[in-house]
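Notes follow once the structure below has been shown.
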Amino acid sequence: MGAPVIVCGQTEMIGRVVIDNLKPEYDVIHFVMTREGGVKQIPAIFKGEQSPSSDSALGSKDYSRPPIAVIVGAAFNDDDTKAMMDASAGIKPVPWLRPDTSKPTPPLGPAYGQAAVARVKELLARLQEEDKMNEEKIHLY
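This note's numbering runs 62 ahead of the 1-based position in the sequence shown.
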């Protein structure tokens, strides 16, 4: 089973593609669809709650291992990400990954999700190599 992560995305269609393509290296344990959901759900997961509320059926729902990162999609802006980070600050320091909007991406759809996942995997591997997995800060993919 892959390393547990949380993914924040606006649509389950792209969420499914992201989740499928993160396997086998990563197990998306929870899929957050709104800022408000993330503000409530992410701190609960970081605190080890075994059945946090959810606004999506996506994700393995295996909360037995704490997440190693939060991956935020392009539908969430800086303020959304900051609100979710602030709500969970100091509970479990993990990297927060956000898209680098200056990089070109395919149009929304399956290819978009696949391109995002390739960049996420590359960034997570680099953060692990550089021993930065316990830093509570934003990294762009």
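Idealized CB from N, CA, C, for every residue including glycine.
- Its chain contains Val101, Pro105 as the residues whose beta carbon lies nearer than 6 Å to that of Ala149, once the 5 sequence neighbours on both sides are disregarded; these appear in chain order.
- Counted as a single uninterrupted DSSP element, the beta strand (DSSP E) harbouring Ala65 occupies residues 65–70.
- Shown here for Gln176: same chain residues with a beta carbon closer than 7 Å to its own, the five before and five after excluded, namely Val79, Asn83 in chain order.
- Here Arg127 carries a coil assignment [DSSP, helix/strand/coil].
- Per DSSP, the beta bridge partners of Leu159 are Ile133, His201.
- In terms of Cβ geometry, Val156 and Glu198 form a close pair [threshold 8 Å].
- In the same chain as Gly71, and ignoring 5 residues on each side of it, the C-beta atoms closer than 6 Å to its own belong to Gly77, Gly135, in chain order.
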